[in-house]
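So the structure is just underneath, and the comments pick up after that.
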Amino acid sequence: MAINKNHEFEELDGVKCAVVEKNVSAARVAFLQKILEHNKFTVIVVASPPPKAKPATVATTIDDETAAAEPAPELLPTVETFIVGVTDYTFNSTNAIFGRALRTTNGQVVTLAYWNQQEEICNDEVPYFS
47 MAINKNHEFE
57 ELDGVKCAVV
67 EKNVSAARVA
77 FLQKILEHNK
87 FTVIVVASPP
97 PKAKPATVAT
107 TIDDETAAAE
117 PAPELLPTVE
127 TFIVGVTDYT
137 FNSTNAIFGR
147 ALRTTNGQVV
157 TLAYWNQQEE
167 ICNDEVPYFS
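For any residue, its number in the numbering used here is found by taking its place in the sequence shown, counting from 1, and adding 46.
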């Protein structure tokens with residue numbers, strides 16, 4: 047059980063892992079895997095379970111002999127998403143980013159904007175507190 051929402055862990059492919067992100071695309075998986083493996087973490091990626099659909103209720107009239115029908119399951123269109131985890135279950139992405147513990151392949155510190163893929167390069171000239 048996680049201490050809080052920012053520090054989740056679960057078993058992925060039979061290995062206890064810290065969850066880095068859930069429901070991410072294949073492109074995001076490649077980006078995260080590149081950063082985390084460069085920082086010497088063992089990355090495990092598994093497909094996300096399909097989302098649970100709300101059951102569609104079938105309107106029926108209830109007579110003496112007729113019972114309510116079972117709800118019909120509704121299938122949602124599936125989008126290929128993944129869960130990214132690292133085998134170091136003490137890993138917390140928030141602490142690693144703001145603690146300046148992660149580096150890019152160029153040796154720069156990973157900033158929050160770079161982690162969220164809002165910037166192409168790490169612009170670390172302005173400290174977080176300014």
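Ideal Cβ positions, reconstructed from N, Cα and C, are used throughout, including at glycine.
Since this is a predicted model, take the numbers as computed values, not measurements.
Can you tell me which of the three DSSP states residue i falls into?
i, result
"Ile167", "coil"
"Leu78", "helix"
"Phe87", "coil"
"Leu148", "coil"
"Asn162", "coil"
"Asn138", "coil"
If you draw a straight line from the C-alpha of residue i to the C-alpha of residue j, how long is it?
i, j, result
"Trp161", "Gln79", "12 Å"
"Asn152", "Lys62", "30 Å"
"Cys168", "Val125", "30 Å"
"Gly91", "Leu158", "The question names Gly, but residue 91 is Val in the sequence shown. About 22 Å."
"Gln164", "Glu57", "30 Å"
"Asn85", "Pro95", "28 Å"
"Ser139", "Lys98", "27 Å"
If you check the beta carbons only, do residue i and residue j fall under 8 Å apart?
i, j, result
"Val156", "Val66", "no"
Can you give the beta carbon distance from residue i to residue j, rounded, assuming they're within the 8 Å contact cut?
i, j, result
"Ala64", "Phe77", "With 8 Å as the limit, Ala64 and Phe77 do not qualify as a contact, their Cβ atoms being about 18 Å apart."
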